[in-house]
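Visitor: This note's numbering runs 2 ahead of the 1-based position in the sequence shown.
All C-beta atoms, glycine included, are put in the ideal place defined by N, C-alpha and C.
One structure is given below, represented as structure tokens, and several questions about it will come after.
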Amino acid sequence: MINDGPVAETRSPLVKQIQTDLVVVGGGLAGVCAAITAARAGIRVVLIQDRPVLGGNASSEVRLWALGATSHMGNNNRWAREGGVIDEIFVENTYRNSDGNPLILDTILLEKVVEEPNITLLLNTAAFEVTKSDPDTIQSVRAFCSQNSTMYDVSSRLFCDASGDGIIGFMSGAAFRMGAETKEEFGEQFAPDESYGQLLGHSIYFYTKDTGRPVRFVPPSFAIKDIKAIPRWRNFAVGQDGCRLWWIEYGGRLDTVHETETIKWELWKIVYGVWDYMKNSGKFPEAETLTLEWVGQIPGKRESRRFEGDTMMIQQDVIEQRRCNDAVSFGGWAVDLHPSDGVYSDLPGCNQWHSKGVYPIPFRAMYSRNIRNLFLAGRIISASHLAFGSTRVMATCAHNAQAVGMAAAICHRDNLVPKDLLDEVRMRGLQKELLRTGQHIPHVLTDDEADLATKATVSASSELQLQCLPAGDDSIPLESPVGMLLPIVPGKLPRFQFQLDAKSTTEIQFELRGCTREDSFTPDEVLASRNVAVDAGRQSVEVDFDVTIDTPRYLFVCLMANPDVTVSLSDQRMTGVLSVHHTLERKVSNSAVQDPPDGIGVERFEFWLPQRRPAGKNLAMQITPPLSGFGPANVITGPERPTSGINAWVASPDDASPTLDLNWEQPVTIRRVVVALDTDLDHPMETVLMGHPESRMPFCAANIRVTDDTGLCLAEVSDNHQTRCDLSFPATQTSGLKIEVSGTDNSIPVSVFRVRVFE
3 MINDGPVAET RSPLVKQIQT DLVVVGGGLA GVCAAITAAR AGIRVVLIQD RPVLGGNASS
63 EVRLWALGAT SHMGNNNRWA REGGVIDEIF VENTYRNSDG NPLILDTILL EKVVEEPNIT
123 LLLNTAAFEV TKSDPDTIQS VRAFCSQNST MYDVSSRLFC DASGDGIIGF MSGAAFRMGA
183 ETKEEFGEQF APDESYGQLL GHSIYFYTKD TGRPVRFVPP SFAIKDIKAI PRWRNFAVGQ
243 DGCRLWWIEY GGRLDTVHET ETIKWELWKI VYGVWDYMKN SGKFPEAETL TLEWVGQIPG
303 KRESRRFEGD TMMIQQDVIE QRRCNDAVSF GGWAVDLHPS DGVYSDLPGC NQWHSKGVYP
363 IPFRAMYSRN IRNLFLAGRI ISASHLAFGS TRVMATCAHN AQAVGMAAAI CHRDNLVPKD
423 LLDEVRMRGL QKELLRTGQH IPHVLTDDEA DLATKATVSA SSELQLQCLP AGDDSIPLES
483 PVGMLLPIVP GKLPRFQFQL DAKSTTEIQF ELRGCTREDS FTPDEVLASR NVAVDAGRQS
543 VEVDFDVTID TPRYLFVCLM ANPDVTVSLS DQRMTGVLSV HHTLERKVSN SAVQDPPDGI
603 GVERFEFWLP QRRPAGKNLA MQITPPLSGF GPANVITGPE RPTSGINAWV ASPDDASPTL
663 DLNWEQPVTI RRVVVALDTD LDHPMETVLM GHPESRMPFC AANIRVTDDT GLCLAEVSDN
723 HQTRCDLSFP ATQTSGLKIE VSGTDNSIPV SVFRVRVFE
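Below you can see the structure in the form of structure tokens.
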């Protein structure tokens with residue numbers, strides 16, 4: 003029993019002191035990925051989140067789908083899904099939650115965090131005070147949990163602000179910006195003027211449910227009454243809810259930090275007014291049986307403070323894909339700006355301008371330039387308003403944060419501060435550690451002396467020679483151009499044969515296209531063109547471009563539009579080979595051609611996009627001589643995705659027991675094998691609202707078995723669905739490893755991107 007009588011002074015809440023190696027404030031996807039990465043690298047982390055769940059804008063409290071460089075498959079960024087921890091989360095969510103239930107995503111994020119013994123998670127805990135040991139150094143963060151009435155004083159050498167609004171950076175005195183830069187400051191030609199506005203607003207989403215019976219709706223008194231106050235009121239449709247109404251946006255003219263509650267109330271007024279219009283205007287009879295199932299309680303916030311690092315990303319970095327020596331991550335979403343008046347603007351809800359591929363993101367943008375022990379993660383990294391228009395999306399933020407988590411582990415281990423990692427040798431060390439975890443860094447490969455696989459001789463039971471994609475029962479008319487994206491090795495280009503059916507005698511134009519940007523997939527360069535006569539009826543048509551290729555690269559073999567001709571499709575799918583269509587994805591573009599106005603610093607080019615499964619079949623074709631480049635040597639080099647080449651070993655389709663063999667001249671001691679597989683990095687895996695055709699990616703091997711040179715099984719997995727299969731076992735001395743891989747779907751040939759072996 004507690005019986006505490008009156009006291010003369012005030013009482014204080016319970017105070018707990020915590021000493022740790024890294025404090026991460028903010029539990030969105032960025033904070034989660036930073037914390038997990040650092041914890042797995044061996045340091046103690048306290049993750050402070052002011053909400054009851056993790057995920058931020060991706061959580062069940064907001065319900066925005068998480069995306070990044072894949073951009074709904076609506077740009078030319080092939081195989082661009084982010085790697086590492088965020089990929090692990092995406093793949094797991096798709097496996098368990100292919101229907102996109104946000105509550106299931108909550109549980110996955112919580113599970114991933116609480117499974118890490120090095121993470122102390124503080125939910126419902128708001129950081130509100132910073133102490134400093136000197137003007138440039140944070141000493142501790144104070145945070146309060148209203149649920150257990152406990153004050154936490156958390157001390158550390160290193161801090162990461164992933165809070166969205168940058169509360170730790172702000173309180174610690176870190177230099178920051180808010181609003182848009184002028185064209186003159188950085189030469190950004192797309193910089194908005196005052197009439198467009200300087201900040202992106204907030205959005206609140208809602209879900210509806212069909213009850214199967216008439217449901218009435220009496221709006222709250224605060225709901226807007228005049229729907230025509232919203233210029234795009236005619237665009238409302240009953241089937242559009244959740245993220246599809248992202249343009250219900252407001253607040254870009256206000257202080258998006260301190261007036262968030264004001265913005266939220268206006269968004270509530272709009273949402274309930276919109277639903278009143280749909281239910282009670284008489285214009286939507288299909289809404290009779292619908293009820294309003296859920297309305298967001300907090301807004302999804304796009305923009306507030308951006309903090310200054312040792313560099314600031316700008317429009318040109320995104321559009322021109324500028325390289326940097328300290329690249330640790332990448333982005334690929336469009337430069338995506340919204341009018342500050344949001345839903346009350348008569349302008350389009352957004353302007354999205356894409357680059358011709360993914361762009362690197364420098365480590366110098368991920369720490370404060372004046373607070374020496376403060377990392378920046380999430381949307382607050384050092385970027386101009388324009389560059390922020392691309393870097394702000396959640397999967398990009400998470401991928402950046404993984405670099406922060408690994409950097410923090412290295413800084414703790416070696417007693418460094420973030421800026422120290424700019425040293426060339428240390429930066430190569432950071433990049434190497436990130437690549438080991440599956441992080442993709444464009445154009446960055448490092449020697450990994452600890453990876454014993456790189457010292458092995460590699461062979462395989464078979465190797466794909468891509469000669470034929472056999473015709474199935476389906477075909478498509480060439481109403482718009484279509485092509486095959488193929489990995490080509492140096493030498494004389496093969497001849498290509500397609501199965502066509504023409505209504506009458508005609509001609510088909512074939513084009514061989516490539517990209518002027520290395521390791522990118524925008525077919526902006528026509529390398530050769532051939533017009534081939536086609537007779538009426540069904541036939542095989544061959545094209546020989548008579549071209550020699552000097553370096554490994556992806557090329558597009560394009561069949562230009564002719565609506566009188568159909569081309570046969572193949573049911574055969576395989577790693578690193580795609581059909582693409584010259585078309586658009588309306589979620590991210592209004593046209594199949596990006597055609598910007600002059601003078602905004604953005605390039606014109608065409609979109610050539612895959613289709614989502616179960617559509618998106620390859621074109622049936624014969625290749626003479628067969629395409630090579632699918633050999634086992636690919637598994638010890640990298641990257642772990644197609645770039646200039648396929649970068650994977652692909653077994654022959656008729657190989658009944660696909661096997662990789664690694665052999666060393668002298669016995670080696672091993673304890674761990676990591677196998678990187680194909681979970682279709684071209685598939686965006688939107689986390690909520692949108693469903694996915696499969697729970698397990700059909701290219702991904704389910705069964706992996708590792709044996710030593712005596713045939714002893716060291717480790718095996720029989721139900722894998724993840725990109726990276728990490729197998730540990732007692733120390734074993736051997737001069738060889740055999741890795742048996744099987745279990746892809748629908749006769750897809752087995753493939754492996756990378757094998758790493760560690761002592």
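Within 10 angstroms of the Cβ of Gln-501, are there 16 or more other Cβ atoms? Answer buried if so, exposed if not.
Guide: By the neighbour-count rule (16 or more Cβ atoms within 10 Å), Gln-501 is buried.
Visitor: Between the region 486 to 493 and the region 576 to 587, are three or more C-beta pairs nearer than 8 Å?
Guide: They touch, by the three-pair rule.
Visitor: Over the uninterrupted beta strand (DSSP E) stretch that includes Tyr-209, give me the two end residues.
Guide: Note, Tyr-209: beta strand (DSSP E), 208 to 212.
Visitor: What ranges does the beta strand (DSSP E) occupy inside the region 262 to 349, keeping only unbroken runs of at least 3 residues that lie completely in it?
Guide: With a minimum length of 3 residues, the continuous beta strand (DSSP E) runs that stay inside the region 262 to 349 are 292 to 297, 329 to 333, 337 to 339.
Visitor: Is it true that the CB of Arg-430 sits closer than 8 Å to the CB of Arg-758?
Guide: No.
Visitor: Quick test of your reading: Ile-140 and Leu-376, contact by CB under 8 Å. State the CB separation rounded to the nearest angstrom.
Guide: Sure, about 6 Å apart at Cβ, within 8 Å.
Visitor: To which residues of the same chain is Glu-1 closer than 6 Å at the C-beta, ignoring the five residues directly before and after it?
Guide: Given that the chain is displayed from residue 3 to residue 761, the structure contains no residue 1 and the question cannot be resolved.
Visitor: Can you look up Ser-753 in the DSSP assignment and give me helix, strand or coil?
Guide: The answer is strand: DSSP assigns Ser-753 an E or B state.
Visitor: Is Glu-310 closer than 8 Å to Thr-258 when the C-beta atoms are compared?
Guide: Contact: no.
Visitor: Are Glu-761 and Ile-672 close, meaning C-beta to C-beta below 8 Å?
Guide: Yes. Within cutoff.
Visitor: I'd like to know whether the C-beta atoms of Val-64 and Gly-344 end up nearer to each other than 8 Å.
Guide: Against a cut-off of 8 Å, the Cβ pair of Gly-344 and Val-64 comes out as no contact.
Visitor: Provide the residue span of the beta strand (DSSP E) that contains Asn-665, from first to last.
Guide: Its beta strand (DSSP E) spans residues 661 to 678.
Visitor: With a cut-off of 8 Å, do at least 3 Cβ pairs link the region 645 to 652 to the region 689 to 697?
Guide: No, the region 645 to 652 is not in contact with the region 689 to 697.
Visitor: CA-CA distance, Val-446 and Ala-60?
Guide: Distance between the alpha carbons of Val-446 and Ala-60 is about 30 Å.
Visitor: At the level of alpha carbons, what is the spacing between Phe-632 and Gly-713?
Guide: The straight-line gap from Cα to Cα measures roughly 26 Å.
Visitor: Could you please give the first and the last residue of the uninterrupted alpha helix (DSSP H) stretch that includes Asn-722?
Guide: From DSSP, Asn-722 is part of no alpha helix (DSSP H); its letter is neither H nor E.
Visitor: For Glu-513, report the span of its beta strand (DSSP E) as first-last.
Guide: First-last of the beta strand (DSSP E) with Glu-513: 508 to 516.
Visitor: With a threshold of 16 other CB atoms inside 10 Å of the CB of Cys-245, please say whether the residue is buried or exposed.
Guide: It counts as buried.
Visitor: For Gly-57, which of helix, strand or coil comes out of DSSP?
Guide: Gly-57: strand per DSSP, three-state reduction.
Visitor: For a test of the three-state rule: what should DSSP assign to Leu-447, helix, strand or coil?
Guide: If DSSP states are grouped into helix, strand and coil, Leu-447 belongs with coil.
Visitor: Please determine, among Asp-684, Lys-494, Val-26, Asp-243, the residue with the shortest C-alpha to C-alpha distance to Asn-77.
Guide: Comparing Cα-Cα distances from Asn-77 to each of Asp-684, Lys-494, Val-26, Asp-243, the minimum goes to Asp-684.
Visitor: Is DSSP giving Thr-39 helix, strand or coil here?
Guide: Looking at Thr-39 - three-state DSSP - the assignment turns out to be helix.
Visitor: Would you call the CB atoms of Asp-278 and Ala-336 closer than 8 Å?
Guide: For Asp-278 and Ala-336, no; Cβs fall outside 8 Å.
Visitor: With distances taken Cα to Cα, identify the nearest neighbour of Glu-196 among Ala-182, Val-595, Trp-67, Leu-436.
Guide: Nearest option by C-alpha distance: Ala-182.
Visitor: Taking just the CA atoms, how far does Ala-403 sit from Ala-36?
Guide: Going from the Cα of Ala-36 to the Cα of Ala-403 covers about 5 Å.
Visitor: Would Thr-122 be called buried (16 or more neighbouring beta carbons within 10 Å of its own) or exposed?
Guide: By the 10 Å Cβ count, Thr-122 comes out buried.
Visitor: Measure the Cβ-Cβ separation of Ala-563 and Glu-481 and say whether it is below 8 Å.
Guide: Cβ atoms of Ala-563 and Glu-481: closer than 8 Å.
Visitor: Of all the options Phe-731, Asp-526, Cys-399, which has the alpha carbon lying nearest to the alpha carbon of Pro-2?
Guide: Since the first residue of the chain shown is 3 and the last is 761, residue 2 is not available in this structure.
Visitor: Relative to the C-alpha of Phe-219, which candidate in Met-173, Gly-275, Glu-263, Glu-90 has its C-alpha closest?
Guide: That would be Gly-275, whose Cα lies nearest to the Cα of Phe-219.
Visitor: Of all the options Glu-509, Pro-444, Glu-465, Val-743, which has the alpha carbon lying nearest to the alpha carbon of Pro-641?
Guide: Among Glu-509, Pro-444, Glu-465, Val-743, the Cα nearest to that of Pro-641 belongs to Pro-444.
Visitor: Could you tell me the alpha carbon to alpha carbon distance between Ser-174 and Val-406, rounded to whole angstroms?
Guide: The straight-line gap from Cα to Cα measures roughly 19 Å.
Visitor: For Ile-265, which residues in the same chain have their Cβ closer than 8 Å to its Cβ, ignoring the five residues on either side in sequence?
Guide: Hits under 8 Å: Gly-203, His-204, Tyr-252, Gly-253, Leu-256, Thr-258, Pro-301.
Visitor: Would Arg-394 and Asp-167 qualify as a contact pair, given that the criterion is a beta-carbon distance under 8 Å?
Guide: Taking 8 Å as the Cβ cut-off, Arg-394 and Asp-167 do not qualify as a contacting pair.
Visitor: Indicate whether Ala-129 and Val-27 have their beta-carbon atoms separated by less than 8 Å.
Guide: It is a contact, given that the beta carbons lie within the stated cut-off.
Visitor: Where in the region 360 to 444 do unbroken runs of the alpha helix (DSSP H), each at least 4 residues long, occur, reported from the N-terminal end onward?
Guide: Segments of the alpha helix (DSSP H) lying fully in the region 360 to 444: 387 to 393, 396 to 416, 426 to 438.
Visitor: Assign Asp-23 to buried or exposed, taking buried as 16 or more other Cβ atoms, counted over all protein chains shown, within 10 Å of its Cβ.
Guide: So Asp-23 ends up on the buried side.
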